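Let me begin by presenting the structure, written as structure tokens, before commenting on it.
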Amino acid sequence: MAKFIIQGGTKVHGTIAVTGAKNHALKVFAASILSEEPMTITNVPEIEDIFRITEILEDLGVTISHPHRNKYVIDTSTITKRQLPKKLVPKLRASIVLTGPMLARFGKVIFPHPGGCAIGRRPIDLFIAGYKAMGAKYEEKNGVNIFTAPNGLKGARFVFPTVSVTCTETLMMAATLAKGKTTLVNAAREPEIQALAEYLNMQGARIEGAGTNEIVIEGVERLSAGVCEIIPDRIEVLSFLYLALAAKSKLTITACNPEHIETPLQLLKDAGAKLDIKETSITTHPWKTMKPIKVVTREYPGFPTDGQSPLTVLLTQIPGESEVEETIYSNRLFYTDMLNRMGAEVDMHTPQHITVHGGTPLRAKVVESPDLRAGIAMVIAAVIAKGTSEINNIYQIDRGYEQIDKRLRSIGVNIKRAKV
Ligand code: EPU
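Just so we're aligned, residue 808 is where the sequence shown starts under this note's numbering, counting upward by one.
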């Protein structure tokens, strides 16, 4: 167990580069199962979630080499098992994305429910409905889900009653090897989905419409070897942007794609933030006045739920009343109790709606990292709070941010990792 100790009240400065996107990399690792030939993946973030999916793949019999930092070569020709390991699955909710490629390639997959998490209920009903629509037989036995399709999956028309990112990606991957045409209606449109489809098409898949809400996939017999570069992590860009603005500092964020965060950037510009936005970098500037912000989290291209908690820390510094409505997850605002203990004034009207009475200085405290994004929010709060804060349960932060302490030190943050 480890914690961060942060001496706050400082500015940040200089340049920080963004890593590859966790939520693209995890799906590309899963996509490796679709082909018997090896896949080379670059710009992979070195984060705990990637270490967990690596362990799960290795448990299945996959051969993974890691020739150097941020590069992985995955060879799934050695897979022996059809069952995801019971012990490892609960450590990685996103392991559900492995089930589609397994079912499509082997006609069978067995897996436990990946479990809920701190941010809310995490059902898998859409995955079950999707596989059934594609002709798989479903059985739940001794607490595990068993899907079989001995003659392969069949193309189908599937309408998502709720927009789901991982389910869109999982069914899209499964459909690449199904017989016939699959149409996914009311699909999610996140940039990571489009990037995944582009990669699969380079391997020989026939996917059209990824990035829109209707994706059409013509199944093919096999996918070939591939090389994939992970796209920049748009949530990391937002985390650094809100950190720099909360600390009223000049910071240049590089290796990013501002096109993927148009809605959050527009909100900041409307609030009066001065940003220099270039093709692959964004520079923030210290500010004297910013206007309060009203934000509602939505599916892409709306404001991302994963950017909500780091933004809220910035809102505590903007005088006036800001409003945050979280529509994607039921439990993703409770970290604001910790912000209040640090001196923020956040009123919770319902578990999914808060008002932030901004312009209050924050005080250092000992806090927890309840989940990945609330964890980074706590780091931002500690950087701007006067005094020494401690953040516990930082495994949650390490799940999604590569060497965050070292990288933050390089922009002037006084942060240490210590044993609990
Ligand atoms: N949902 C269902 N049934 C299902 C699946 C989802 O009802 O079978 C509901 C969820 O309960 C939720 C809504 O659909 O209310 C949307 O969730 P979604 O399925 O889109 O979330 P996800 O695919 O599990 C991904 C990211 C999350 C991100 C969300 C929303 C990955 C690995 N995870 O999750 O990322 O918050 O999309 O954008 O891609 C994070 O990185 O911190 C993170 C939580």
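Quick reminder that beta carbons are idealized off the backbone N, C-alpha and C, glycines included. Predicted, not measured: the structure shown is a model, and the values here were computed from it.
Check: L1179 C-beta below 7 Å from any heavy atom of the ligand EPU:
The count along the sequence shown starts at 1 and reaches residue 1179 at position 372. The answer is yes for L1179.
Apply the 10 Å Cβ neighbour rule to K1095 and answer buried if 16 or more other Cβ atoms are within range, or exposed otherwise.
Walking along the sequence shown from the start, residue 1095 turns up at place 288. Label assigned to K1095: exposed.
Cβ-heavy atom distance between F934 and the ligand EPU below 7 Å?
Position 127 of the sequence shown, counted from the first residue, corresponds to residue 934. For the ligand EPU, at least one heavy atom lies less than 7 Å from the Cβ of F934.
Quick one: does the C-beta of R859 sit closer than 7 Å to a heavy atom of the ligand EPU?
For the purposes of this step, residue 859 is taken as residue 52 along the sequence shown, with counting starting at 1. No, since every heavy atom of the ligand EPU falls outside the 7 Å radius drawn around the Cβ of R859.
Segment limits, alpha helix (DSSP H) that includes P1111:
Counted from its first residue, the sequence shown places residue 1111 at position 304. Element bounds for P1111: n/a, residue is neither H nor E.
Check this for me: beta carbons of V904 and L910, under 8 Å apart or not?
Looking up residue 904 in the sequence shown gives position 97. Looking up residue 910 in the sequence shown gives position 103. Their beta carbons are not under 8 Å apart, which means V904 does not touch L910 by this criterion.
Between L1118 and the ligand EPU, is the CB less than 7 Å from at least one heavy atom?
In the sequence shown, the residue the question calls residue 1118 occupies position 311. Because no heavy atom of the ligand EPU lies under 7 Å away, the Cβ of L1118 does not count as near it: no.
Pick out whichever of G815, T822, L1215, K818 has its Cα sitting closest to the Cα of A1062.
Taking the first residue of the sequence shown as 1, we reach residue 1062 at position 255. That would be T822, whose Cα lies nearest to the Cα of A1062.
Could you tell me how far apart the beta carbons of A995 and T975 are, in whole angstroms, since I believe they sit closer than 8 Å?
For this step, residue 995 is matched to residue 188 along the sequence shown. For this step, residue 975 is matched to residue 168 along the sequence shown. Their Cβ separation, rounded to whole angstroms, is 4 Å, which keeps A995 and T975 in contact under 8 Å.
Proximal residues to I931 (C-beta, below 8 Å), its chain only, five neighbours per side dropped:
Working through the sequence shown from its first residue, we reach residue 931 at position 124. Taken in chain order, the residues that qualify are I903, H920, P921, N952.
Name, in chain order, the residues that DSSP records as bridge partners for F934.
As a working note, residue 934 is residue 127 in the sequence shown. F934 pairs with nothing; no bridge assigned.
Counting only the same chain and skipping the five closest in sequence on each side, list residues whose C-beta sits under 6 Å from that of P908.
Residue mapping note: residue 908 aligns to position 101 of the sequence shown, counting from 1. If you ignore the 5 residues before and after P908, its C-beta comes within less than 6 Å of the C-beta of A837, I840, L841, M980, all in its own chain and listed in chain order.
Look up R1214 in the DSSP assignment and say whether it is helix, strand or coil.
Counting from one through the sequence shown, the residue named residue 1214 turns up at place 407. If DSSP states are grouped into helix, strand and coil, R1214 belongs with the helices.
Looking only at its chain, what residues have a beta carbon closer than 6 Å to the beta carbon of T870, apart from the 5 residues adjacent to it on each side?
Along the sequence shown, one-based indexing puts residue 870 at 63. Excluding five sequence positions before and after T870, the CB atoms of its chain that fall closer than 6 Å to its own CB belong to D882, T885, given in chain order.
Start and end of the alpha helix (DSSP H) containing H831?
Stepping through the sequence shown from its first residue, residue 831 is reached at position 24. Note, H831: alpha helix (DSSP H), 829-838.
May I ask you to check if the CB of Y1136 is nearer than 7 Å to at least one heavy atom of the ligand EPU?
Taking the first residue of the sequence shown as position 1, residue 1136 is located at position 329. It does: the Cβ of Y1136 is within 7 Å (strictly closer) of some heavy atom of the ligand EPU.
How would you call P968, buried or exposed, if buried means at least 16 neighbouring beta carbons within 10 angstroms?
Sequence index remark: in the sequence shown, residue 968 carries index 161 (1-based). Result: exposed.
For the stretch 1084-1148, list the beta strand (DSSP E) runs that are entirely contained and at least 3 residues long, ordered along the chain.
1089-1091, 1101-1103, 1127-1132
Measuring alpha carbon to alpha carbon, tell me which residue in A963, T983, Y1107 is nearest E1069.
The residue given as residue 1069 occupies position 262 in the sequence shown. The shortest Cα separation from E1069 among A963, T983, Y1107 belongs to Y1107.
Quick check: L1179 and I1161, are their CB atoms within less than 8 Å of each other?
The residue labelled residue 1179 in the question sits at position 372 within the sequence shown. The residue labelled residue 1161 in the question sits at position 354 within the sequence shown. No, they are not a contact pair.
Exposed or buried, which one is R964 when buried takes at least 16 other CB atoms within 10 Å?
One-based indexing of the sequence shown puts residue 964 at position 157. Looking at its Cβ environment, which holds fewer than 16 other Cβ atoms inside 10 Å, R964 is exposed.
Tell me the residue span of the beta strand (DSSP E) that contains Q814.
Counting from 1 along the sequence shown, the entry for residue 814 is found at position 7. Here the beta strand (DSSP E) through Q814 covers 809-815.
Under the rule that 16 or more other beta-carbon atoms within 10 Å means buried, what is H1156, buried or exposed?
Along the sequence shown, one-based indexing puts residue 1156 at 349. By the 10 Å Cβ count, H1156 comes out exposed.
Report the CB separation of G987 from G962 in whole angstroms; it is logged as a contact under 8 Å.
Locating residue 987 in the sequence shown gives position 180, where the first residue counts as 1. Locating residue 962 in the sequence shown gives position 155, where the first residue counts as 1. With a Cβ gap of about 3 Å, G987 and G962 count as contacting.
If you reduce the DSSP assignment to three classes, tell me which class Y945 lands in.
Numbered from its first residue, the sequence shown carries residue 945 at position 138. Three-state DSSP puts Y945 in a strand.
Pull up the DSSP beta-bridge partners for D1154, would you.
Position 347 of the sequence shown, counting from 1, holds the residue named residue 1154. DSSP output for D1154 lists T1162 as bridge partner(s).
What would DSSP say about R964, mapped onto helix, strand or coil?
Along the sequence shown, read from residue 1 onward, the residue named residue 964 stands at position 157. Strand, per DSSP.
Reduced DSSP secondary structure (H/G/I, E/B, other) of V1227:
Counted from its first residue, the sequence shown places residue 1227 at position 420. Residue state, collapsed to three classes: coil.
Cβ-based burial, V1034 [other Cβ within 10 Å; buried from 16]:
Along the sequence shown, one-based indexing puts residue 1034 at 227. V1034 comes out exposed.
Candidates Y1202, E1086, T906, K878: closest to L960 by CA position
Numbered from 1 along the sequence shown, position 153 holds the residue referred to as residue 960. Out of Y1202, E1086, T906, K878, T906 has the C-alpha closest to the C-alpha of L960.
Give me, in chain order, the residues of the same chain whose beta-carbon lies closer than 6 Å to that of G1166; leave out the 5 immediate sequence neighbours on both sides.
Translated into positions along the sequence shown, residue 1166 becomes position 359. The answer, listed in chain order, is P1126.
Any idea what DSSP makes of S1196, helix, strand or coil?
To locate residue 1196, count along the sequence shown from 1; it is residue 389. Of the three classes helix, strand and coil, the one that applies to S1196 here is strand, per DSSP.
Would you be able to state if there are at least three C-beta pairs under 8 Å between the stretch 1105-1122 and the stretch 1177-1191?
yes
Between V880, H820, L991, G816, which lies nearest to A832 when the distance is taken from Cα to Cα?
Here residue 832 refers to the residue found at position 25 of the sequence shown. Minimum Cα distance to A832 is reached at V880.
Could you tell me whether the Cβ atoms of I1183 and F811 are closer together than 8 Å?
Position 376 of the sequence shown, counted from the start, is the residue given in the question as residue 1183. Position 4 of the sequence shown, counted from the start, is the residue given in the question as residue 811. No, the Cβ-Cβ distance between I1183 and F811 is not below 8 Å.
Assumed close pair V851, I1037 - CB separation to whole angstroms, cut-off 8 Å
Counting from one through the sequence shown, the residue named residue 851 turns up at place 44. Counting from one through the sequence shown, the residue named residue 1037 turns up at place 230. Contact holds; Cβ gap of about 6 Å.
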